[in-house]
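Each remark here refers to the structure printed beneath this line.
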Amino acid sequence: QSVLTQPPSVSGAPGQRVIISCTGSSSNIGAGYDVHWYQQLPGTAPKLLIYGNTNRPSGVPDRFSGSKSGTSASLAITGLQAEDEADYYCQSYDSSLAALFGGGTKLTVL
Amino acid sequence: QQQLQESGPGLVKPSETLSLTCTVSGGSISSRSYYWGWIRQPPGKGLEWIGSIHYSGSTYYNPSVKSGVTISVDTSKNQISLKLSSVTAADTAVYYCARVGTAMAWHYWGQGTLVTVSS
Numbered sequence: 003q004s005v006l007t008q009p010p011s012v013s014g015a016p017g018q019r020v021i022i023s024c025t026g027s028s029s030n031i032g033a034g035y036d037v038h039w040y041q042q043l044p045g046t047a048p049k050l051l052i053y054g055n056t057n058r059p060s061g062v063p064d065r066f067s068g069s070k071s072g073t074s075a076s077l078a079i080t081g082l083q084a085e086d087e088a089d090y091y092c093q094s095y096d097s098s099l100a101a102l103f104g105g106g107t108k109l110t111v112l
Numbered sequence: 844q845q846q847l848q849e850s851g852p853g854l855v856k857p858s859e860t861l862s863l864t865c866t867v868s869g870g871s872i873s874s875r876s877y878y879w880g881w882i883r884q885p886p887g888k889g890l891e892w893i894g895s896i897h898y899s900g901s902t903y904y905n906p907s908v909k910s911g912v913t914i915s916v917d918t919s920k921n922q923i924s925l926k927l928s929s930v931t932a933a934d935t936a937v938y939y940c941a942r943v944g945t946a947m948a949w950h951y952w953g954q955g956t957l958v959t960v961s962s
């Protein structure tokens, strides 16, 4: 059972917009710790997608965006493409500097 | 652009010690105030943080992982190591080495190495 809660799966048709939620608590996200998002394509290592709640590393398309409010955060993907089919993980910290991961969300592009 | 490469035995017997090494290229592990860490992923499951280390030696471990975890750095070899003692089948996973960057996000990842615990 992960401390950060994500929906197990989401789906959308090509071109559509999907949102993946990440719910924490006052001990982690709600305490002010940043949320980061990772994309893991099948058989590969996770790749940083969003850092510091809203920032995209160089090379990440602006179709991906992040937000944070209170004890939750969200990853939005617009203009869905087949190549976006992957597992997505949110990550934050708690006061002991323990890195916390969400359970992961499998995105299916219909 | 830093690159991380994990290495170590792919098969470990139950009750023995799992030992992995992460070799860093493209810069010294002690050149900046970075944190390095190990993250694992059991087959078909999610990511689990094992622990982190600063090049100065400060360590942080996941209390949910068994107490026999040790992470260390060897600045002379530009390597980070992981030791996990008394392993069981539940420790079977892909083990990733990673480096923290801006905003304490894990910016750099190794390709991962699968470790199977079996007799």
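Line by line, the protein sequences give chains A and B.
Just so we're aligned, residue 3 is where the first sequence starts under our numbering, counting upward by one.
Just so we're aligned, residue 844 is where the second sequence starts under our numbering, counting upward by one.
Glycine is no exception: its CB is placed at the ideal position from the N, C-alpha and C atoms.
Since the structure is predicted, the reported quantities are computational estimates derived from the model, not experimental observations.
Asked	Found
Using DSSP's beta-bridge definition, name the partner residues of Gln-844 (chain B).	Paired residue(s): none; Gln-844 (chain B) is not in a bridge.
Is Ile-21 (chain A) helix, strand or coil when you go by DSSP?	strand
Can you give me, in chain order, the residues of the stretch 919 to 949 of chain B that have a beta carbon less than 9 Å from any beta carbon in chain A?	Val-937, Tyr-939, Ala-941, Val-943, Gly-944, Thr-945, Ala-946, Met-947, Ala-948 and Trp-949
Apply the 10 Å Cβ neighbour rule to Asp-64 (chain A) and answer buried if 16 or more other Cβ atoms are within range, or exposed otherwise.	exposed
Would you say Tyr-90 (chain A) and Leu-50 (chain A) are within 9 Å of each other, going by their C-beta atoms?	no
Check whether the Cβ atoms of Ile-31 (chain A) and Leu-77 (chain A) sit closer than 9 Å, and answer yes or no.	no
Under a CB-based cut-off of 9 Å, is Gly-853 (chain B) close to chain A?	no
Which value, in whole angstroms, describes the spacing of the CA atoms of Lys-108 (chain A) and Pro-857 (chain B)?	32 Å
Hey, out of A:Leu-112, A:Leu-43, A:Gly-105 and A:Gln-93, whose CA is closest to Thr-34 (chain A)'s CA?	Correcting the residue identity first, residue 34 (chain A) is Gly in this sequence and not Thr. Of the listed residues, the one whose Cα sits closest to Gly-34 (chain A) is A:Gln-93.
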